[in-house]
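See structure below.
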Amino acid sequence: ERMAPVRAMAASPNMKKLAAVIDDRSIVLFDEKGMQKDRFSTKPIDAKYSKRSYIVLSLAFSPDSSSLAVGQSDNVVFVYKIGADWNEKKVITNKLVQTAAVTALSWPFDDKVLIGLIDGKMRVGLLKQNKCASLYKTDMGVIAIDISAKRTSFVSSHIDGSLILYNFASKAQEKMCTHSCAAYSIAFTAHSIVAGGADRRIICYSENGIVQQTFDFSSVDEREFSSIIADPTGQNFVAGSFDR
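The sequence shown begins at -2 in the working numbering and counts up by one.
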């Protein structure tokens, strides 16, 4: 329809939907062919605030692709039931109030969504109970989260370059390493944790924080890496920069 900045995007696990937040804080839904099929408005944490009081910072689809978590700068996560078919009524099923802006989301299990905050907290939203619990706290804001292909652990990236690994079974976290810059893009593959950022380098780490491989594009005419994603098998990853 028109040119507009995209604030956040998420693809559904079944690969049939793409959600994108545009500048008026509405969410546009596209099909697998890139055709716009639906659109709905988001809302502030409280009706007394205006639509301009917040921005949407992060999105995550549920494992069954029927719901969408929306993380906002006004310290809240809304979970919308969007349905399996197009143009179904959008219903808010959960409202999870946070202590700070929601900068990263991931949805590994049907009843649990991971929530990263700008104040450094990692939390889990317990959807059946409609409440949250703390996983761990750091002093640096969370900027990205990714889950292992086997859903046994996840890694969080922080603005000081820290990469922290959390194991679901042991409920323990460990700082893996400090990346060379803030890793705004991470991917948890089957063999390594891939991180990239403004220094135009992609580094693959083991879960112990050991550098396995480095792709250095700092000497060529390249922009920062703004996105990295692994395929569902965890065997491959794709990195995107400004225009390639």
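The beta-carbon is built from N, C-alpha and C at its ideal position, and this holds for glycine as well.
* **CA nearest to the CA of A169, picked from E204, I144, L132 and I199** => Residue L132 is the option with its Cα nearest to A169.
**Request:** Using alpha carbons as the reference points, say which of S203, T149 and Y77 lies closest to K172.
**Result:** S203
Q | R198 - containing beta strand (DSSP E), residue span | A | Segment R198 to Y202, the beta strand (DSSP E) holding R198.
Fill in: V18 versus S38 - alpha carbon distance
10 Å
The beta strand (DSSP E) with A192 in it runs from where to where?
Per DSSP, the continuous beta strand (DSSP E) segment holding A192 begins and ends at I190 to G193.
- prompt: Near Y321, what residues of its chain come up, given a Cβ to Cβ distance below 8 Å and the 5 sequence neighbours on each side ignored?
  reply: The requested residue 321 is not part of the displayed model; the chain covers only -2 to 241.
* Compare the beta carbon distance of S55 and G68 with 8 Å and say whether it is the shorter of the two. => Cβ atoms of S55 and G68: closer than 8 Å.
Exercise for review: Give every residue of the same chain whose Cβ lies closer than 8 Å to the Cβ of A88, excluding the five residues on either side of it in the sequence, and list them in chain order.
Suggested key: At residue 88 the sequence reads Val, which differs from the Ala that was named. For V88, where only same-chain residues beyond five positions count, the Cβ hits under 8 Å are Y77 and K78.
Measuring only the C-alpha atoms, how far is C201 from S50?
The C-alpha of S50 is placed about 38 Å away from the C-alpha of C201.
message = Would the segment 181 to 189 count as touching the segment 118 to 135 if we require 3 or more Cβ pairs under 8 Å?
response = no
Exercise for the section: Identify every residue that forms a DSSP beta bridge with N91. Expected result: Here N91 is bridged, per DSSP, to V76.
Quick check: what's the CA-CA separation for K109 versus T135?
21 Å
Same chain only: Cβ atoms within 6 Å of A227, ignoring 5 sequence neighbours per side:
A184, T186 and F234
Own chain, CB closer than 7 Å to D213, minus 5 neighbours either side, in chain order
R198
Rounded separation between C174 and Q209 - CA only: 13 Å
Taking only three categories from DSSP, how would you classify R120?
For R120, the three-state secondary structure derived from DSSP is strand.
**Study point:** Which of helix, strand or coil DSSP assigns to S50
**Key:** helix
| Skipping 5 residues on each side, what residues in its chain have a beta carbon closer than 8 Å to that of A141? | If you ignore the 5 residues before and after A141, its C-beta comes within less than 8 Å of the C-beta of A101, G113, S153, S154, A180, Y181, S182 and I183, all in its own chain and listed in chain order.
By a C-beta neighbour count over all protein chains shown, 10 Å radius and 16 as the cutoff for buried, is H188 buried or exposed? exposed
Local conformation of M173 per DSSP, three classes:
strand
| request: Could you tell me which residues DSSP pairs with A182 in its beta bridges? | output: Note that residue 182 is Ser in the sequence shown here, rather than Ala. In the DSSP output, where bridge partners are listed per residue, S182 has G193.
Checklist entry - Whole-angstrom Cβ separation of A57 and S9, contact assumed at under 8 Å? => result A57 to S9, Cβ: 10 Å. No contact.
Exercise for review: Return yes when the Cβ of S167 is within less than 8 Å of the Cβ of M137, no when it is not.
Suggested key: no
(message) Just to check my reading of the structure: R22 and V53 have Cβ atoms closer than 8 Å, yes? What is that Cβ distance to the nearest angstrom?
(response) The pair is a contact, with the Cβ atoms about 6 Å apart (cut-off 8 Å).
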